[in-house]
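Residue numbers (the numbering used here): 400 to 593. All C-beta atoms, glycine included, are put in the ideal place defined by N, C-alpha and C.
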Amino acid sequence: MKLVLKLLASFVVALVLGVGSALLLLRGGAGLGGAIAVGPWTTSAETGSADADPYTRARIAIGGLLALSRSETIYFTAATDDAGAPLRTRCAYRIIGTDPPARWWSITAYGADHFLIPNPQDRYSFGGNTLAREDDGSFVIFVGPAAADGNWIPTGEKEGTFTLTLRLYNPNEDAARDPSRIELPRIAGEACPS
400 MKLVLKLLAS FVVALVLGVG SALLLLRGGA GLGGAIAVGP WTTSAETGSA
450 DADPYTRARI AIGGLLALSR SETIYFTAAT DDAGAPLRTR CAYRIIGTDP
500 PARWWSITAY GADHFLIPNP QDRYSFGGNT LAREDDGSFV IFVGPAAADG
550 NWIPTGEKEG TFTLTLRLYN PNEDAARDPS RIELPRIAGE ACPS
């Protein structure tokens, strides 16, 4: 009887540790395979490729439904601003940049649950052809809870963290070959109430 109880206890411990470590890896405890960082933005050389390991594939299935192949799209995600502070829904940010080297691009805000952040404006994203531009062709996108003139992505009223996803559709050959050399938009923290 003692042997059976010991075996059962060992099985339960192994199950809890196995499931717990898998969830930690899948929900953000470790980076994607082949990670490439450009400022606060990160991508993976393995996303959308046959080289992706099972954990990378599972993380994409959870947080990046219907990810296209690397030759079609490069996905960058930012969870921090340029200073390294986590992106918080109660804070205000400015995304400042120029068109990345792709046929079309978009920036979308996602809540900590990997879903769009609910907001009364039903505004979640801006793309290369849907935003107002500065006189020099650059753009500024405001992200935060308070309404802003121009390009504004609301972060809703619920307190928490969020991420930004930058998608480059049909990137040029140099960008697809070496995403670490792409000039990406800055994410400047503006105001954050205590």
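Could you spell out where the beta strand (DSSP E) holding residue i opens and where it closes?
i: E589; result: 585-590
i: R493; result: 491-496
Just grab the DSSP bridge partners of residue i for me.
i: P485; result: T479
i: S443; result: A434
i: I473; result: L567
By a C-beta neighbour count over all protein chains shown, 10 Å radius and 16 as the cutoff for buried, is residue i buried or exposed?
i: N528; result: exposed
i: R502; result: exposed
i: M400; result: exposed
i: A482; result: exposed
i: D480; result: buried
i: G543; result: buried
i: C591; result: exposed
i: A508; result: buried
i: L423; result: In this prediction, L423 scores a pLDDT of 41, lower than 50, which makes its location untrustworthy; the coordinate-derived value is nonetheless stated afterwards. With fewer than 16 Cβ atoms within 10 Å of its Cβ, L423 is classed as exposed.
i: P519; result: exposed
i: L402; result: exposed
| said: In chain order, what are the residue ranges of uninterrupted beta strand (DSSP E) at least 3 long that sit wholly in the stretch 503-578? | reply: 524-526, 538-543, 551-553, 561-570
| task | Kindly confirm or deny that the stretch 470-477 and the stretch 512-525 touch, where touching means at least three C-beta pairs closer than 8 Å. | result | no
| field | Contact the stretch 546-557 vs the stretch 565-576: 3+ CB pairs below 8 Å | value | no
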